[in-house]
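Novice:
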């Protein structure tokens, strides 16, 4: 028994000892891991790319050859001449759309270049090398968008980027800031100012912060300028030396040593941000802030335009300029009260100009780090010693321009990586398809050795980018983590190519995430409350907000929420004396509309308008309750007939001038609003499809753009053999996670085959006629016989090259411009495929949709006439032009207004070539009539298509069955509303 007890005791001690050993081993492992992680955080990923011979040289067959970075490498050994060379504007050889003006706006012998122009000059260069190009120009008033030109040197575009050189217009407030009758400031209209100005040609994406450097050989060279957007008058073009700005020490040595008076030493001037005099974009207007009691001037309940900048001031190259004055020659400090509370862990950077010059190199990157409160940014050195700026007595200008600074080079490398990785993705796609067999060895490393080599190089590049971002921001934020994830994935692919097939979809998603990271990192928003100019002894005001002020501000804000009507916009009048207008879009649209009404419509007509922003679903309920508006804006195109059936909307044919109003619109725009000989709305917007295509991929595949559906079908095998596909609108479209079937291509085929949806009286459908059956069979065969996908994310697939062709709403253009900068210059859009007619012409008829404005049923004849006057004003070309321009200025290019007014469309921001394509396709548009029971038509065409695609039903019989169901619903609804059946 004792022996057994001792044995158990020994075994217990051994177990305890074993646990201790295991614990010590685990603790040691944890300590080692922590030390390694700490070491890694300190050293970064240098060990991952330290052995790379050259990270700048691409693997053969992967990457673009015509980038600016490669252009600089090609000319890296060229000298930097120190002599300026002026170009003789009169010496232009090839001329088109140009004219020498003997005198213009105070200058002599200047050159007018129109939107569609070309001019080429010869220039003699005594010393070959790298030069910057400086242009002095006058922005001629036209459509109010940025001027755009292509630059050719010796007959060629020198690099990618030279085909899209932007020269900004100058913008300012059209009026002083005024207040409405509710105590809210009204945002002043932005107007472009025509002045002589100058600019160096530079990268409009902002990746290269310095002006472009161009190589000119010794001897005779040619410079060509091609107009893309907007006219301008050129005063001079100069080849200038590539120069570096002096640093602050050198700057200070060059300045006069002055004995400063007390006036200078104690001088103080506060420049309110909203008081800026010039801006590079109409979107940089004064804005308001109610979140802080420390914003000058402050208000918890009213809109006070008390700052400038914001999220609109985020794009590289955008600038804001202020005027100020100093009493005497001397040295002054500059302090900026700013706030960057948009992107945690990020730095917003600005270039500071004084009188259009960067005073010294430190002002090329003035950085504002994240802070959720206002901060005083004193322009100082690394030791917090304020810089002393020399200013002469009088008026000066101070300009702050968005720049990416050192981040620009990082983002340029990221964007190039996105392009190369998409090329790698497409090469693998040809072999594996979009959903590879994860158990199959595709031997990618044997078939495509350059892909594995490219992945290895790209992994090293991305690891270095992670290190560079961390060094720039001071921390590893979310965007760096995305890049790190992709670098690690590429590293695993190189180690074991078999893993590529297993995670191919994830690889595509990671590339897309990298592209999105480029966009997120390239935006640098910033708020400016005010700028203070002070003498060397003057103190700036504190901007710290104490706890008591914050609490009081929140209490006041809460109390105001019970008394303020935040749905009402602008001046508010008694309901009995004003036309009530409800708008169904958004806050920005309603604010722009009300501002236009208050400064234009009401002063000119004396008609008072109340504007209210409401949800679309509230209108019908309000009408039924008798509390509805007089006018509804931005209603869906099916609403007018729905209201007409219920006698709840006015027939506009009763009013004088309605035919004149409709002259500005294509019939397709107002066809949906016709019902029983009346017209019950006016068009606002109109959308239709165009065909987007990747120029680079079409060139790789050796195929031509299809003009007809047959030609589209003929090129499908070539596209699909490379495991790519095309996008055709389908019933499976999803918008904001809600099913939204798109029947536009079926309707296009129907119209092109001579068919229509309803008969002339709207009493039955005609889709069951032979033209409809033929269109339905052609449409469904695209999916059942030719394997065109029904579910897809077009923008991402187009971006990656997986879908090099797609028929989409033309508004997708705006999304691609913003969302996919890495494919800039390699895509375009054109007319949709058509159907060849017997006479040899191509019918490109297409479906259109849009929104409208309705005048609801009125008993008061006087109010009815006032509402009609408002509708006429709202639908006029001048009003639609201004609304569209202000919409884009406020919300950016992605919100370009799809006006239905043909005259207004001419003045929007499309280039001449883009406008030409859109106008030609527009002429082919066909509007879909709305009829009683028409809501069943789209629903059952969708059901018919899904049955053919999913249940393999016969197209003809399926369509005929559903056509009968549609007719039955039309009859039922006509009976319900007392309409004639014959």
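Residue numbers (my numbering): 6 to 987. Beta carbons are placed, not taken as given, at the ideal position from N, Cα and C, and that holds for glycine.
Please go through the same chain and pick out, in chain order, the residues whose beta-carbon is closer than 7 angstroms to the beta-carbon of residue 42, but skip the five residues on each side of it.
Specialist: Within the chain shown, residue 42 is the residue found at index 37, counting from 1. Residue placement at residue 42 is flagged as unreliable, the pLDDT there being 38, under the threshold of 50; the coordinate-derived value follows with that caveat. Nothing meets the Cβ criterion.
Novice: Within 10 Å of its beta-carbon, does residue 408 have 16 or more other beta-carbons around it, so buried, or fewer, so exposed?
Specialist: One-based indexing of the chain shown puts residue 408 at position 403. It is buried - the Cβ of residue 408 has at least 16 other Cβ atoms within 10 Å.
Novice: Only counting the same chain, and skipping five residues up and downstream in sequence, which positions put a Cβ closer than 8 angstroms to that of residue 77?
Specialist: Residue mapping note: residue 77 aligns to position 72 of the chain shown, counting from 1. Only 218 meet the Cβ criterion.
Novice: How big is the Cα-Cα spacing for residue 741 and residue 816?
Specialist: As a working mapping, residue 741 is identified with position 736 in the chain shown. As a working mapping, residue 816 is identified with position 811 in the chain shown. Each residue's CA atom was taken as its position, placing residue 741 and residue 816 some 17 angstroms apart.
Novice: Give me the DSSP bridge partner(s) of residue 739.
Specialist: Locating residue 739 in the chain shown gives position 734, counting from the first residue. Answer by DSSP bridge pairing, in chain order: 744.
Novice: Could you compute how far the alpha carbon of residue 155 sits from the alpha carbon of residue 642?
Specialist: Counting from one through the chain shown, the residue named residue 155 turns up at place 150. Counting from one through the chain shown, the residue named residue 642 turns up at place 637. Rounded to the nearest angstrom, the gap between the Cα atoms of residue 155 and residue 642 is 41 angstroms.
Novice: For residue 426, does the three-state DSSP call read helix, strand or coil?
Specialist: For this step, residue 426 is matched to residue 421 along the chain shown. Here residue 426 sits in helix by DSSP.
Novice: Below 8 angstroms on the Cβ atoms is my contact criterion, and I expect residue 695 with residue 922 to pass it. Report the Cβ-Cβ distance as a whole number of Å.
Specialist: Translated into the one-based positions of the chain shown, residue 695 becomes position 690. Translated into the one-based positions of the chain shown, residue 922 becomes position 917. Yes, residue 695 and residue 922 are in contact; Cβ-Cβ is about 7 angstroms, under 8 angstroms.
Novice: Should residue 480 be labelled buried (16 or more other beta-carbon atoms within 10 Å of its own) or exposed?
Specialist: Along the chain shown, one-based indexing puts residue 480 at 475. Taking every protein chain shown into account, the CB of residue 480 has fewer than 16 other CB atoms within 10 angstroms, so this residue is exposed.
Novice: According to DSSP, is residue 189 helix, strand or coil?
Specialist: As a position in the chain shown, residue 189 is number 184, starting the count at 1. Correct three-state label for residue 189: coil.
Novice: Report yes if the CB atom of residue 752 is closer than 8 angstroms to the CB atom of residue 852, and no otherwise.
Specialist: Reading the chain shown from its first residue, position 747 is the one you call residue 752. Reading the chain shown from its first residue, position 847 is the one you call residue 852. Yes, these two residues count as a Cβ contact at 8 angstroms.
Novice: Once DSSP output is grouped into helix, strand and coil, what is the label at residue 700?
Specialist: Counting from 1 along the chain shown, the entry for residue 700 is found at position 695. The answer is helix: DSSP assigns residue 700 an H, G or I state.
Novice: Go ahead and pull the three-state DSSP assignment for residue 108.
Specialist: Within the chain shown, numbered from 1, the residue matching residue 108 stands at position 103. Reduced to three states, the DSSP call for residue 108 is strand.
Novice: Taking Cβ positions, are residue 339 and residue 533 nearer each other than 8 angstroms?
Specialist: Sequence index remark: in the chain shown, residue 339 carries index 334 (1-based). Sequence index remark: in the chain shown, residue 533 carries index 528 (1-based). No. Outside cutoff.
Novice: First and last residue of the alpha helix (DSSP H) that includes residue 205?
Specialist: Here residue 205 refers to the residue found at position 200 when the chain shown is read from its first residue. Where residue 205 is concerned, there is no enclosing alpha helix (DSSP H), although the beta strand (DSSP E) it sits in stretches over 202-205.
Novice: What separation, rounded to the nearest whole angstrom, lies between the Cα atoms of residue 390 and residue 253?
Specialist: Indexing the chain shown from 1 puts residue 390 at position 385. Indexing the chain shown from 1 puts residue 253 at position 248. Their backbone Cα atoms lie some 12 angstroms apart in a straight line.
Novice: Rounded to whole angstroms, what is the Cα-Cα separation between residue 212 and residue 373?
Specialist: The residue you call residue 212 lines up with position 207 of the chain shown. The residue you call residue 373 lines up with position 368 of the chain shown. Each residue's Cα considered, the two are about 19 angstroms apart.
Novice: For my contact list, residue 328 and residue 358 are in at a C-beta cut-off of 8 angstroms; report their separation, rounded to the angstrom.
Specialist: Locating residue 328 in the chain shown gives position 323, counting from the first residue. Locating residue 358 in the chain shown gives position 353, counting from the first residue. No, residue 328 and residue 358 are not in contact; Cβ-Cβ is about 13 angstroms, not under 8 angstroms.
Novice: Please tell me whether residue 209 and residue 73 are closer than 8 angstroms, where the distance is taken between their beta carbons.
Specialist: Reading the chain shown from its first residue, position 204 is the one you call residue 209. Reading the chain shown from its first residue, position 68 is the one you call residue 73. Cβ atoms of residue 209 and residue 73: not closer than 8 angstroms.
Novice: Identify whether residue 164 lies in helix, strand or coil by the three-state DSSP scheme.
Specialist: Reading the chain shown from its first residue, position 159 is the one you call residue 164. Here residue 164 sits in coil by DSSP.
Novice: Give, in chain order, every unbroken run of the beta strand (DSSP E) that is at least 3 residues long and sits entirely within the segment 616-698.
Specialist: 636-641
Novice: Based on Cα-Cα distance, which residue from 467, 458, 442 lies nearest to residue 504?
Specialist: Here residue 504 refers to the residue found at position 499 of the chain shown. For the residues 467, 458, 442, the minimum Cα distance to residue 504 belongs to 442.
Novice: Among 927, 925, 964, which has the Cα closest to the Cα of residue 944?
Specialist: Looking up residue 944 in the chain shown gives position 939. For residue 944, the nearest C-alpha among the options comes from 964.
Novice: With DSSP as the reference, label residue 375 as helix, strand or coil.
Specialist: Numbered from 1 along the chain shown, position 370 holds the residue referred to as residue 375. In the structure shown, residue 375 sits in coil (DSSP, three-state: anything other than H, G, I, E or B).
Novice: On the CB-based measure, 16 or more other CB atoms within 10 Å of its CB, does residue 511 come out buried or exposed?
Specialist: Indexing the chain shown from 1 puts residue 511 at position 506. Label assigned to residue 511: exposed.
Novice: Report the start-end ranges of each alpha helix (DSSP H) in the segment 810-841 that is 4 residues or longer and not cut off at the edges.
Specialist: 817-824
Novice: What does residue 245 pair with, by DSSP beta-bridge criteria?
Specialist: Here residue 245 refers to the residue found at position 240 of the chain shown. As computed with DSSP, residue 245 is found in a beta bridge with 137.
Novice: Whole angstroms is fine: what's the gap from residue 850's alpha carbon to residue 586's?
Specialist: The sequence position of residue 850 within the chain shown is 845, counting from 1. The sequence position of residue 586 within the chain shown is 581, counting from 1. So the two alpha carbons sit approximately 35 angstroms from each other.
Novice: Contact check, residue 464 vs residue 492 under 8 angstroms by CB: the rounded distance?
Specialist: The residue you call residue 464 lines up with position 459 of the chain shown. The residue you call residue 492 lines up with position 487 of the chain shown. Distance from residue 464 to residue 492 at the Cβ level is roughly 5 angstroms; contact confirmed, criterion being Cβ atoms closer than 8 angstroms.
Novice: What residue ranges within the segment 892-957 form continuous beta strand (DSSP E) runs of no fewer than 3 residues, ordered along the chain?
Specialist: As far as the segment 892-957 is concerned, its whole beta strand (DSSP E) runs of at least 3 residues are 930-932.
Novice: Would the beta-carbon of residue 51 fall within 8 angstroms of that of residue 472?
Specialist: Here residue 51 refers to the residue found at position 46 of the chain shown. Here residue 472 refers to the residue found at position 467 of the chain shown. Yes, the pair counts as a contact, with Cβ atoms nearer than the cut-off.
Novice: Does the Cβ of residue 946 have 16 or more other Cβ atoms within 10 Å, making it buried, or fewer, making it exposed?
Specialist: The residue labelled residue 946 in the question sits at position 941 within the chain shown. That one is buried.
Novice: Between which residues of its own chain and residue 353 is the CB-CB distance below 6 angstroms, once the five residues before and five after are set aside?
Specialist: As a first step, residue 353 is located in the chain shown; it is residue number 348 there, counting from the start. If we look at residue 353 and ignore the five residues flanking it on each side, its Cβ neighbours are 345, 373, 529, 531.
Novice: Any idea what DSSP makes of residue 318, helix, strand or coil?
Specialist: Position 313 of the chain shown, counting from 1, holds the residue named residue 318. If DSSP states are grouped into helix, strand and coil, residue 318 belongs with coil.
Novice: Indicate whether residue 776 and residue 755 have their beta-carbon atoms separated by less than 8 angstroms.
Specialist: Residue 776 sits at position 771 when you count from the first residue of the chain shown. Residue 755 sits at position 750 when you count from the first residue of the chain shown. Yes. Within cutoff.
Novice: To which residues of the same chain is residue 216 closer than 7 angstroms at the C-beta, ignoring the five residues directly before and after it?
Specialist: On the chain shown, residue 216 is found 211 positions in, with the first residue counted as 1. Answer for residue 216: 137, 205, 206, 207, listed in chain order.
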